[in-house]
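In what follows, a structure is listed as C-alpha cells, so that the remarks can point back to it.
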Ligand code: NI
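Numbering (my numbering), first residue to last: 12 to 189.
Here you go:
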C-alpha cells in the first residue's frame, strides 16, 4: 500500500471543494486503503481525501478506543450538531507542528456510506465528534487555522513556508544543483 503525499498548508489545493462520489465501486478501495496507511504512518486519527489531493467526499477516521472500528465516511452529511459547543486543541496532518483551540459542537450525528456503499448513521461525541467536524471542513476546502485570528494564521503560514523551503534546500535531490 503506497503512502500518499499529504498536502501542506498553505497549499491552495487544500481549499478545493470536494465533489460527491457518484458510486462506491471496487476502484475506490485501493484509495481507501492507501489513505488509512498514510494516516497511520503520519500518526493521525483522521484524513480527508482533500489532504491527499483527491477532491471527493471521502474521509477515513480511527480515533483508537472511542471508535468501534476504523471508519470510512463516503458522502458524509452532518444531520444534527449539538448547540452545546466547546473549545478544544486541534492539530492537522496538513499543518504539521501547529496546535490551537477551535470551538466545535460537542456532539454530532453524521450519515454517510461505508466502504461497501451501505448507509450508516454515527452518533459521535468527544474526540470523534471533533474529528468528524474537522475532516468535513477539509471536504469544504477549510483548514482549522482559518478559525484562528488573521495574525496567528499569517504567522503559521510564514513558519510553514519557511520550513518547506528549508526542507527543499536540505533534500538530497537539491544537492549538486547550480
Ligand atoms: Ni486536518
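Heads up, the beta-carbon is just placed ideally off N, CA and C, and yes, glycines get one too.
Check this for me: beta carbons of residue i and residue j, under 7 Å apart or not?
i           : j           : result
residue 37  : residue 12  : no
residue 21  : residue 168 : yes
residue 134 : residue 120 : yes
residue 34  : residue 66  : no
residue 59  : residue 162 : no
residue 71  : residue 93  : no
residue 154 : residue 25  : yes
residue 31  : residue 86  : yes
residue 156 : residue 166 : no
residue 111 : residue 180 : no
Under the DSSP definition of a beta bridge, which residues are partnered with residue i?
i           : result
residue 99  : 113
residue 88  : 122
residue 71  : 58 and 83
residue 132 : 122
Just to check my reading of the structure: residue i and residue j have Cβ atoms closer than 8 Å, yes? What is that Cβ distance to the nearest angstrom?
i           : j           : result
residue 89  : residue 46  : Incorrect: roughly 20 Å between the Cβ atoms, too far for contact.
residue 74  : residue 142 : 6 Å
residue 96  : residue 126 : At roughly 31 Å, the Cβ-Cβ gap does not stay under 8 Å, so residue 96 and residue 126 are not in contact.
residue 15  : residue 63  : 4 Å
residue 128 : residue 113 : About 32 Å separates the two Cβ atoms, so there is no contact after all.
Taking C-alpha atoms, which residue in the options lies nearest to residue i?
i           : options            : result
residue 102 : 56, 84, 92 and 129 : 56
residue 170 : 124, 83 and 106    : 106
residue 53  : 104, 182 and 26    : 104
residue 91  : 166, 83 and 140    : 140
residue 27  : 152, 82 and 130    : 152
residue 175 : 132, 138 and 108   : 108
Using beta carbons (cut-off 7 Å, strictly below), is residue i in contact with chain B?
i           : result
residue 173 : Chain labels in this structure do not include chain B; a single protein chain is all it has.
### Runs of beta strand (DSSP E) lying entirely within the segment 17 to 62, each at least 3 residues, in chain order
57 to 59
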